[in-house]
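Numbering (our numbering), first residue to last: 8 to 459.
Beta carbons are placed, not taken as given, at the ideal position from N, Cα and C, and that holds for glycine.
All of these numbers come straight from a predicted model, not from anything done at the bench.
What follows is a set of notes on a single structure, which appears directly below.
This is the structure in structure tokens:
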């Protein structure tokens, strides 16, 4: 087993494109961090679920016990028109509200995919380019030739692979690119098959090669194995376009831990319920949830992080929050679990901007975590479009204002790798100075709210 914690003194674009240290690292063990705490064992059995029992899923079989696995698993599957897919229309030729490719899947098909992952659809929004679904555990985005599913908790995300391959074939599509990634779990003992370990996940993916040889890929580990690290699997079978300008995809993900308690408190549902005497008899439970979701969004300033976007927020009881936002071809998604001892917030986007600096600063400033992990997965073409690289510079630090003080985050580790043809993965850990963080948070009363 070879580990790689590739750090550099200068990460220029030329270096990122030409000199990458790669690894193939599989581990059976998940690492506990100092911020982890034991979670009570769930009442469900950790059995080997067959792909025929997805209809048996019931959200009630996973009782809430006060802590939650916030960091998400992410699966992205890209398709292309296969042999015999001559009847498949190109999205550019669509007219009016006509949809192409995977967007032609029925709601029943999408529900079946979600059942495999042990989650359900709560709401959705669409535009001319994609459909975005808020799930009971995170989010799902459907483009004409790409599906991205992000699930948290004890979901079984990889069990979606087989049905996605099958649904793609039904539409005349075949696998083009598959990516799966996640941070090491805080509560690994609670995960269900096939997510008991990264090694188990890789074996499970390998078992699907009979469905498609294009699922043949490799697994990698980025970051310190004794602390926060990132597991990545990529199977890249893309037929490269002659015009390489189209290969500019990139996804930025910010995972924040131990968020400011004043911010975390904004995501408890009961604070937004109307008091006796203020209740509107006409407000249904659905309407109440919609109102609370909007109020929670504005109270935390989340709407300001995605200006101009169509926002689909969802508040959970007793606590928690999810949000999808779509703007033309891009999505942004955010998920918050505010429980003390396991508080977590994530922000992910595939926006193609020249610099992520202001976005990163605004997101971190909104939640003021004690530490955060940032990842970037991009094609080489996508990296070359960045005028300012979020991981560049020796000892790259991030400073965000907090009232009259400032919180200084220092980068504690950095890892990078280039996999398959041109997929570049970067991962860094940032930690706030404990004394500086405490002083800044105590001084900042701007976001403290009281509810009558």
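Residue burial classification, residue i (beta-carbon count within 10 angstroms, cutoff 16)
{"i": "residue 47", "result": "Here residue 47 scores only 29 on pLDDT, less than 50, and its place in the model should not be relied on; the value that follows carries that caveat. Counting Cβ neighbours within 10 Å, residue 47 comes out exposed, since fewer than 16 surround it."}
{"i": "residue 260", "result": "buried"}
{"i": "residue 425", "result": "buried"}
{"i": "residue 395", "result": "exposed"}
{"i": "residue 406", "result": "exposed"}
{"i": "residue 422", "result": "buried"}
{"i": "residue 155", "result": "buried"}
{"i": "residue 313", "result": "buried"}
{"i": "residue 447", "result": "buried"}
{"i": "residue 177", "result": "exposed"}
{"i": "residue 193", "result": "buried"}
{"i": "residue 408", "result": "exposed"}
{"i": "residue 336", "result": "exposed"}
{"i": "residue 339", "result": "buried"}
{"i": "residue 268", "result": "exposed"}
{"i": "residue 4", "result": "Residue 4 lies beyond the stretch modelled for the chain, which goes from 8 to 459, so this question has no answer here."}
{"i": "residue 362", "result": "exposed"}
{"i": "residue 349", "result": "buried"}
{"i": "residue 344", "result": "buried"}
{"i": "residue 217", "result": "exposed"}
{"i": "residue 404", "result": "exposed"}
{"i": "residue 210", "result": "exposed"}
{"i": "residue 377", "result": "buried"}
{"i": "residue 332", "result": "buried"}
{"i": "residue 449", "result": "exposed"}
{"i": "residue 291", "result": "exposed"}
{"i": "residue 265", "result": "buried"}
{"i": "residue 355", "result": "buried"}
{"i": "residue 439", "result": "buried"}
{"i": "residue 214", "result": "exposed"}
{"i": "residue 325", "result": "exposed"}
{"i": "residue 233", "result": "exposed"}
{"i": "residue 197", "result": "buried"}
{"i": "residue 305", "result": "exposed"}
{"i": "residue 80", "result": "buried"}
Residues that residue i bridges to, as DSSP identifies them
{"i": "residue 5", "result": "In the structure as shown, the chain begins at 8 and stops at 459. Residue 5 is therefore absent and cannot be evaluated."}
{"i": "residue 237", "result": "190 and 229"}
{"i": "residue 417", "result": "404 and 438"}
{"i": "residue 412", "result": "409"}
{"i": "residue 83", "result": "155 and 186"}
{"i": "residue 242", "result": "185"}
{"i": "residue 90", "result": "According to DSSP, residue 90 bridges with nothing at all."}
{"i": "residue 395", "result": "362"}
Whole-Å CB distance - residue i paired with residue j, under 8 Å assumed
{"i": "residue 352", "j": "residue 323", "result": "Incorrect: roughly 14 Å between the Cβ atoms, too far for contact."}
{"i": "residue 364", "j": "residue 397", "result": "7 Å"}
{"i": "residue 130", "j": "residue 319", "result": "6 Å"}
{"i": "residue 158", "j": "residue 145", "result": "5 Å"}
{"i": "residue 321", "j": "residue 141", "result": "5 Å"}
{"i": "residue 84", "j": "residue 153", "result": "7 Å"}
{"i": "residue 243", "j": "residue 428", "result": "5 Å"}
{"i": "residue 112", "j": "residue 151", "result": "Not really, about 11 Å apart at Cβ, beyond 8 Å."}
{"i": "residue 139", "j": "residue 148", "result": "5 Å"}
{"i": "residue 417", "j": "residue 437", "result": "7 Å"}
{"i": "residue 161", "j": "residue 199", "result": "5 Å"}
{"i": "residue 187", "j": "residue 82", "result": "5 Å"}
{"i": "residue 299", "j": "residue 275", "result": "The Cβ separation is near 10 Å, so there is no contact."}
{"i": "residue 78", "j": "residue 166", "result": "Not quite, the Cβ-Cβ distance comes to about 19 Å (not below 8 Å), so this is no contact."}
{"i": "residue 175", "j": "residue 86", "result": "5 Å"}
Any chain B beta carbon closer than 8 Å to residue i
{"i": "residue 326", "result": "Although the question refers to chain B, the structure presented lacks it and comprises just one protein chain."}
Continuous beta strand (DSSP E) assignments of at least 3 residues falling wholly in the stretch 166–191: If we require 3 residues or more, the beta strand (DSSP E) runs fully inside the stretch 166–191 come out as 180–190.
At least 3 beta-carbon pairs within less than 8 Å: the stretch 267–283 vs the stretch 388–395: Between the stretch 267–283 and the stretch 388–395 there are fewer than three inter-stretch CB-CB distances shorter than 8 Å, so the stretches are not counted as touching.
Start-end ranges of the alpha helix (DSSP H) lying completely within the stretch 257–311, minimum 4 residues: Taking only runs of at least 4 residues, the alpha helix (DSSP H) segments lying wholly in the stretch 257–311 are 268–271 and 292–307.
contact_flag[the stretch 204–214, the stretch 226–243] where n(CB pairs < 8 Å) is 3 or more: Touching, per the Cβ criterion.
In chain order, each alpha helix (DSSP H) run of at least 4 residues that lies wholly inside the stretch 305–388: Fully enclosed alpha helix (DSSP H) runs of 4 or longer: 364–374.
Segments of 4+ residues assigned as alpha helix (DSSP H) that fall wholly inside the stretch 106–161: Listed in chain order, the complete alpha helix (DSSP H) runs (minimum 4 residues) inside the stretch 106–161 are 114–124.
The stretch 179–190 in contact with the stretch 217–226 per 3-pair CB rule at 8 Å: Between the stretch 179–190 and the stretch 217–226, the count of C-beta pairs closer than 8 Å reaches three or more; the two stretches touch.
Cβ contact check for the stretch 120–130 and the stretch 301–316: 3 or more pairs under 8 Å: No, they do not touch.
Start-end ranges of the beta strand (DSSP E) lying completely within the stretch 192–222, minimum 3 residues: Entirely contained in the stretch 192–222, not one beta strand (DSSP E) run reaches 3 residues.
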